[in-house]
Every structure is written in C-alpha cells, then in structure tokens.
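In UniProt numbering, the protein residues as written are 1 to 360.
Glycine included, C-beta positions come from ideal geometry on N, C-alpha and C.
For reference, the structure is listed below as structure tokens.
Dropping the structure here:
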C-alpha cells in the first residue's frame with residue numbers, strides 16, 4: 001500500500017515554475033505542459049490507490065457466513081422455540097449455503113442458554129432464538145440475573161406471536177373453563193398446573209389465571225417440553241401451552257383445549273373461546289419469539305440476518321405452516337423489535353410485581 005501511495009505522489013505535478021519575469025514565465029509554460037501530462041498520471045495513480053484500499057477493506061471483512069451457524073434454543077427439544085428454530089433454520093440453510101445447527105441448552109428458565117449467547121463471540125455465528133421468559137420476564141423475576149438482555153443482546157427480528165392455550169388431559173372429563181374452575185374451587189390445591197419453567201409465560205399465565213379466578217393451584221415447573229410429557233401422561237392436570245407445541249395432540253385428541261390466552265381467538269383454533277370470553281375479561285397474555293445476537297455483533301451481519309429471516313417468514317409455505325400450528329409470522333426491523341422488547345419488559349415486569357413472584 002505504501003508503494004502505491006508513493007507512486008501516486010510522484011505522479012502528481014509539483015509547485016515548480018512559479019518564478020517571476022521572462023524566465024519565470026518560460027519555466028511556468030514548460031511546467032504546465034509537464035503538469036498536464038502528469039496530472040493524468042496523478043489521477044490514475046490515486047485511482048489505483050483507491051482500488052487497493054477498497055480491496056483491502058473488502059478482504060478485511062469476508063462475506064458472511066463462511067461456516068455453519070449455531071442457533072441456541074434455551075429450552076428442551078420439542079417446545080415451540082425449538083420448533084420455530086428448526087423450521088426457519090431449514091430455510092436459512094438453503095439461503096446461506098451453510099448448515100444452521102440448532103443447539104438446545106435448557107435450564108434455569110432459559111437463563112443458561114441465554115447466558116451462553118451473551119458470552120459468545122459477536123461474529124454472527126451464534127444466534128439465539130428466544131421467548132418472552134428469558135428476555136422480558138426474568139429481568140424482573142430474578143434479583144441476581146447474571147446478564148441484562150437489553151444491554152448484553154442485540155435484537156434482530158421478531159419471528160412470531162403465539163397464543164397460549166389452556167389444555168387438560170381427556171381423562172379429566174372437563175369440557176369448559178367454567179367446569180374446571182368449579183372443580184378447582186371444590187378442591188383447593190388439588191390441581192397441578194405444569195409450566196415450562198419458573199417465570200415463563202406458561203407459569204405467569206397460570207398464576208394470573210388462578211388469581212383472577214380466585215382458585216388455589218399448585219405450580220409444577222419443568223425444563224421446557226418435559227411439562228408437556230407429564231401432562232400427556234396424566235401426571236399433572238392442566239397447563240397453559242403454546243399452540244404449536246400441542247397442536248398435534250389437540251388434533252389426535254390426546255389433549256383437550258379449554259381456552260386461549262390472547263384477546264382474540266386463534267385462527268388455528270377458531271372454535272376454542274378465549275379466557276376473556278369465558279368470564280375473565282382482564283385476562284390477555286400471549287407469547288412471542290425472536291432472534292438475538294451478542295451485543296457487539298456488526299450491524300452489517302445483523303442486517304443480513306434480519307433480511308433473510310424476513311424473507312423466510314414471507315415464504316407462503318412457511319407462513320402457512322406457522323399458521324397451521326397456531327403461530328402468526330411477524331417480521332420487521334431490528335429497531336422495531338428492540339422497541340417491542342422494551343415495552344414487553346415493562347408489561348411483564350408489572351405482572352411479576354403484581355403476582356409477588358421473585359427469585360434469587
């Protein structure tokens with residue numbers, strides 16, 4: 001690069017020929033003739049310099065991705081986060097020409113997997129697909145959370161909004177939410193509510209519902225999808241589960257849906273009423289899922305991931321698949337997602353405070 005710079009300087013006209021009088025004028029004319037020829041060399045040399053600098057900058061920032069990309073799921077395999085990661089990851093693999101490898105790192109209500117991404121190299125090769133629990137709930141739930149989602153992670157894109165649905169085992173012979181509440185009141189703490197972990201949307205939905213319905217239930221937290229396994233085995237009585245995680249079991253009759261948790265009915269379960277419709281008008285809690293990366297990940301890589309995930313979410317096959325499973329594809333910009341995360345953190349913080357739930 002130094003040799004190119006030197007050549008550029010040598011190819012430029014100097015300041016000679018500025019003397020006064022006849023001799024000076026003659027010198028200036030000769031110099032101007034030489035300068036005209038040398039200016040062409042100057043511009044050409046600086047063009048070479050600019051090209052060399054651009055080439056060097058390009059070489060310093062190789063195209064991404066050049067190797068497999070890991071997507072961390074902070075919950076067990078089989079849950080909604082895992083389902084979304086694998087479905088979207090398959091399409092991203094085709095777009096990127098590199099494998100997208102899903103890594104399940106469950107534990108501590110999603111904190112273990114989230115912490116792993118916070119500590120990962122900010123090079124775009126470790127992504128996090130996460131839900132409201134570790135991102136918007138845990139900052140209020142845990143007094144000593146080892147990370148701050150808004151300071152240590154960079155939002156990339158909101159993937160989907162997903163309602164929860166209150167489901168029971170068919171052996172309960174319960175057909176409506178009103179009937180379930182009646183039985184709970186007749187047997188305080190006699191019904192176990194499973195959740196995918198302390199502080200998850202499933203847990204807070206259960207606690208909020210019990211508070212509004214005036215019933216006492218026993219909360220049983222699990223590591224992710226293990227909660228669903230015990231519900232299917234009849235070892236717990238009910239849970240608020242994300243629709244994608246239970247859709248297959250609803251179709252087969254292995255589980256019975258009583259009510260969805262959002263303000264409006266789910267298009268995938270049009271005949272299932274909302275909790276609000278069933279007598280609790282203030283109840284409206286749902287889940288969402290999105291991609292994050294370590295905080296110092298370059299903006300160019302964030303923009304690339306954002307654009308490609310948005311493109312995947314716009315694919316008719318993906319949109320239809322998500323909708324059939326009870327998820328609504330969202331998309332958007334990183335800034336829109338960051339703003340949404342802030343508002344959701346405020347909202348769920350108030351829910352945690354109202355319920356009086358806190359952990360060390």
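Residue 167 - partner residues in DSSP beta bridges: Numbered from its first residue, the chain shown carries residue 167 at position 167. Bridge partners of residue 167: 239 and 257.
Residue 87, enclosing alpha helix (DSSP H) - first and last residue: Against the chain shown, residue 87 aligns to sequence position 87. Per DSSP, residue 87 belongs to the alpha helix (DSSP H) from 80 to 96.
Rounded separation between residue 306 and residue 345 - CA only: Working through the chain shown from its first residue, we reach residue 306 at position 306. Working through the chain shown from its first residue, we reach residue 345 at position 345. When rounded, the distance between both Cα atoms is 22 Å.
Sequence-distant residues of its chain with Cβ nearer than 6 Å to residue 113 (five each side left out): Here residue 113 corresponds to residue number 113 of the chain shown, with the count starting at 1. Around residue 113: 72, 74 and 105.
Terminal residues of the beta strand (DSSP E) in which residue 194 lies: Within the chain shown, numbered from 1, the residue matching residue 194 stands at position 194. Note, residue 194: beta strand (DSSP E), 192 to 195.
Local Cβ density within 10 Å of residue 189, reported as buried at 16 or more and exposed below that: Working through the chain shown from its first residue, we reach residue 189 at position 189. Exposed, since its Cβ has fewer than 16 Cβ neighbours within 10 Å.
Cβ neighbour criterion (16 or more within 10 Å) applied to residue 282: As a working note, residue 282 is residue 282 in the chain shown. With fewer than 16 Cβ atoms within 10 Å of its Cβ, residue 282 is classed as exposed.
Distance, residue 340 Cα to residue 351 Cα: Counting from 1 along the chain shown, the entry for residue 351 is found at position 351. Counting from 1 along the chain shown, the entry for residue 340 is found at position 340. Rounded to the nearest angstrom, the two C-alpha atoms are 17 Å apart.
The region 311 to 329 / the region 84 to 95 touching (three or more Cβ pairs under 8 Å): yes
Which of helix, strand or coil DSSP assigns to residue 54: Residue numbering aside, residue 54 sits at position 54 when the chain shown is read from its first letter. In this predicted model, residue 54 has a pLDDT of only 40, less than 50, meaning its place in the structure is not dependable enough to derive any value.
Residue 102 and residue 334 closer than 9 Å at C-beta: Counting from 1 along the chain shown, the entry for residue 102 is found at position 102. Counting from 1 along the chain shown, the entry for residue 334 is found at position 334. No, they are not a contact pair.
Runs of beta strand (DSSP E) lying entirely within the region 270 to 334, each at least 3 residues, in chain order: 286 to 294
Buried or exposed by the 16-neighbour rule on C-beta atoms within 10 Å, applied to residue 115: Against the chain shown, residue 115 aligns to sequence position 115. Buried: at least 16 other Cβ atoms inside 10 Å.
Residue 326 beta carbon near the ligand NAD (any heavy atom closer than 8 Å): With respect to the ligand NAD, the structure shown offers nothing to examine, as it has no ligands at all.
Stretch-stretch touch, CB-based, cutoff 8 Å, three pairs: the region 250 to 267 with the region 217 to 224: no
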